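Okay, so here's the structure we're looking at.
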Amino acid sequence: MLVAFFLLGACADKGTDPGVATAQTGQGDSASSGAGSGTDDRLRQYVQCLRDHGLDVPDPTPGQEMVRIDPKNPEDQAERALMACRTFAVAPEHSAQVTAADLAKLRDYAKCMRDHGVSNFPDPDPKTGYFPGLDKSNYDPNSEPVKSAIQACQALAPEVAPGG
């Protein structure tokens, strides 16, 4: 279910269950982020596309960078929707930018996931920030061990989710 532009696994909305997160829409600088920005428009389009393909997805909020997909959505349906909507998933101008601070958070998150029983959880790609090599053959974001690790680690990188 993992495709290069999708981040899946641990969404970190505080106070909610782990779920599945996807679509890092890019982190705009202060001049380009916020309500009404291109990123917000792209996120709204992405959410609408996912809904059009049958997924239960909450409304996005201004400045949001991740989309939560309820893990109760059937995996095959989610996979088809993610593929169909991939053009909205990452703002191209931001798709390969990751700051040193973000990379440090991502590494801490990866280590925490491994420390909490997800032994095959990779370090992030330093150029993209994505977690490469995770797919449905070796990573099930709906399994209890992974859900438990996500819950334990989400505070380390609240805007981060595994994917590849």
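Whatever position you read off the sequence shown (first residue = 1), add 8 for this note's numbering. C-beta: ideal position from N, C-alpha, C; glycine also. Values in this document were obtained by computation on a predicted structure and should not be read as measured data.
Secondary structure at Val154: helix, using DSSP grouped into helix, strand and coil.
For Arg115, the enclosing alpha helix (DSSP H) starts and ends at 108-123. Annotated as proximal: Leu142 and Asn128, with beta-carbon spacing under 9 Å. The Cβ neighbour count for Thr107, taken over all protein chains shown within 10 Å, is under 16; the residue is labelled exposed.
DSSP places Arg76 in the uninterrupted beta strand (DSSP E) bounded by 75-77.
Cα atoms of His61 and Asp49: separation of roughly 19 Å, rounded to the nearest angstrom.
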